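Residue numbers (numbering that gives the first Met the number 0): 0 to 192. We put the CB at the ideal spot given by N, CA and C, even for glycine. Keep in mind the model is a prediction, meaning the values are calculated, not measured.
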Amino acid sequence: MNHLAHLALAGESPHLVVGGFLGDFVKGRLDNRFEPGIEAGIRLHRAIDAFTDHNPKVRLAASRFEVHLRRYSGILLDILFDHLLAKEWENYYEDDLEEFSQHVLSLLVDNSDHLPPEALEVAIRMHRVNSLSKYGDVRFLENAFENISRRLTRKNPVADAVDSCLALLPDLRQDFQEFYPELMLYCADWNAP
């Protein structure tokens, strides 16, 4: 799962949301570096990643990729599952995706004192373009794949994978529709009052 799912699964708690975002930027032991609620959000992010990586439905989805893309299937699925979540947002959440995006990204920027410099830079960029609401757009996928490809250290086919991935979407949609409710249920305890 990528930013959209992690932030949606964090629920209503601002600390869980901030921690859910920081999960991609904070590595290693937490050791009380952040407020307890933010550390809980980072742990939730890690738990979501582990649950996703070990889920048979996600493994099936990863096996659908062409051989030359399978090495990158985890990264590609993170983006594609957020794409599918954006396309089917109203099936899972009551809030409008645009409103959710604006609210959550504003929350991140408003909590800038909790964000390391790299995370703050990403949050500001995401807020400026309201990126969470754009995950359903194919152009956003193209840009995301290009950005990921540039960040990888070796030559890779990720930037050119959009057409192959779009061809897989009907099957991936079914995988996602079976998996995401399980993930929501898994995260429900983290969001309980």
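- Contact check for Phe175 against Asn54 fails: the beta carbons are separated by 8 angstroms or more.
- The DSSP-derived three-state label of Lys26 is coil.
- Take Lys86, set aside five residues on each side of it, and the residues of its chain with a beta-carbon closer than 7 angstroms to its own are Gly135, in chain order.
- Taking a C-beta distance under 8 angstroms as the contact criterion, His5 and Phe24 do not qualify as a contact pair.
- For His53, the three-state secondary structure derived from DSSP is coil.
- For Ser105 and Leu76, the gap between their C-alpha atoms comes out near 26 angstroms.
- Nearest Cα to Ile147 within the set Phe139, Gly22, Val157: Val157.
- Residues Leu104, Val108 of the same chain have their beta carbon placed closer than 6 angstroms to that of His126, with the five preceding and five following residues left out of the count.
- Rounded to whole angstroms, the Cβ separation of Val161 and Leu140 is 6 angstroms, and the two are in contact under 8 angstroms.
- Exclusion of the five residues before and after Leu83 leaves Arg172, Phe175 as the residues of its chain whose Cβ lies within less than 6 angstroms of its Cβ.
- Taking the C-beta atoms as reference points, Gly18 is found nearer than 8 angstroms to Gly36.
- Phe50 sits close to Tyr185, with the two beta carbons spaced by under 8 angstroms.
- According to the DSSP assignment, Tyr185 belongs to the alpha helix (DSSP H) that extends over 161-187.
- The C-beta of Leu3 has 16 or more other C-beta atoms within 10 Å across all chains shown, which makes the residue buried.
- Separation of Asn31 and Glu38 (C-alpha to C-alpha, rounded to the nearest whole angstrom) is 7 angstroms.
- For the 8 angstroms CB-CB criterion, Asp170 and Arg70 do not form a contact.
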